Every structure is written in structure tokens, then in C-alpha cells.
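Using our numbering, the letters of the sequence shown correspond one by one to residues 448 to 621. We put the beta carbon where it would ideally sit given N, CA and C, even for glycine. Model, not experiment: these values are computed from the prediction.
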Amino acid sequence: MKKGVILFVMLCLALSANAQRWTLWYGVAISDETGHQSGFKNAECHFSNFGLDYTWMVPKWDLTLGAGLNTKGGQYITNYAQLEANAAYRFIDTDSGFSLSALAGPYFGIKVSDGAMYAKPYSVGWQVGIQMIVFNHISLKVGYERALTIPAKGSRHGFDDIPHTIFIRLGDVF
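Quick look at the structure:
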């Protein structure tokens, strides 16, 4: 146990020593399921989304690993502890601290709680969006997220109801 704790602390110190950028964010998600309906007809707005991202900055690219708590779904509302990996291409990158990027990448979530006992214990999917950094300190990320997995075992509307989400995240970059 002590070796595991020491290894974890050393890993955190190593990442912090070489850290390019950390972002602590809070977000709002507008979620629904596809299938029997199109668009966001029964969308739910979720305000319980927050997390932490670690970004490596290489020329013209941001490679980000993130962890957070995200709420998904309109009919099958479920909370997930989610891991994300995004690659973002910086179209605009100024010396004054402004950057604009397009991002894409996968996510993997493990169910923390839900309103339906029949929800699967995980969610796998992808994200696309844009990210804007202002004054090297404020991050705004807007995007679309779609699950590749069906959230419920034996849902009453069939097996084609897949969660999709529009998210808006505001973060503090340090």
C-alpha cells in the first residue's frame, strides 16, 4: 500500500514539473437520446458537470487528458465518472494569450449513480468541439458528445436509444 501511495505522489510530482496546462472546469450539458425521437425534443439540462484536464502543448496542438463527473441522458439520466482524451488543433494562437482550437477524441465513463436501475455500468463514446482560451487563464469549451454504447439493458423503447449531449464548459487555466 505504501509503495502505491509513494508511486502515485511521485507520478503527480513528475506530471506537475512538466505540466503545460491544468484546467479546472464546470459545465452545463443538454442531453437527450436518439432513436424514437430526433434532435433534442425531450432534452434535459444538467448542471452537475465538473472536472480537471491536463494538457500537453506541442506546436499547433493541445493533447488533453481529463477526468470529471458528467451527467448524461434525457430519459435515462445517469451520472458518470468520465475519462476523456482529446487532440485539439490550434487555428489561432496569439502571444496575447488568445487561442482557438478544434478538438476531437474519445471518452470512457463508469456509472456512479442513475435514476434507472437497468442502466449499463459504463459509457463509451466520442466528442467534437471548439475551445477558446482567453488571457491564458479562462477556457471556454463548447462541443457535442455522442455515446457509442446503448445506456439501458432492455429499454422500453428498444435498443436504439443512444445518449447525445451538447456541452458548455467554463474553466480556470493554471
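For residue i, the nearest candidate out of the options (CA to CA)
i, options, result
"I539", "A532, W469, D509 and Q467", "D509"
"L530", "W503, L595, L499 and I597", "L499"
"S546", "L587, L617, P610 and I597", "L587"
"I577", "F555, S548, Y554 and P506", "S548"
"M504", "P553, N517, R537 and L516", "R537"
"L516", "I580, K507, D561 and K488", "D561"
"S543", "P553, T518, F582 and N526", "F582"
According to DSSP, residues forming a beta bridge with residue i
i, result
"I539", "L547"
"D622", "A query on residue 622 cannot be resolved here, the shown segment of the chain reaching from 448 to 621 and no further."
"I477", "C492 and I613"
"D509", "M504 and A535"
"D561", "T525"
"F497", "Y473 and L516"
Own chain, CB closer than 8 Å to residue i, minus 5 neighbours either side, in chain order
i, result
"A466", "At A466 the pLDDT is 49, less than 50, meaning the model places this residue with poor confidence and gives no usable figure here."
"I609", "E480, T481, G482, R593, A594, L595, T596, I597 and P598"
"E491", "I477, S478, D479, G520, G521 and I524"
Nearest-angstrom Cβ-Cβ length linking residue i and residue j, presumed shorter than 8 Å
i, j, result
"W650", "F497", "No statement about residue 650 is possible, as the shown extent of the chain runs from 448 to 621 and does not include it."
"V559", "A514", "That pair is no contact at about 12 Å."
8 Å Cβ cutoff, residue i in contact with chain B
i, result
"N526", "The question asks about chain B, but that chain is absent: this structure has only one protein chain."
6 Å CB neighbourhood of residue i in its chain, flanking five on each side removed
i, result
"L595", "V571 and G572"
"T511", "D500, T502 and N533"
"F555", "L530 and V571"
Other residues of its chain near residue i: CB distance less than 7 Å, five sequence neighbours each side excluded
i, result
"F494", "V475"
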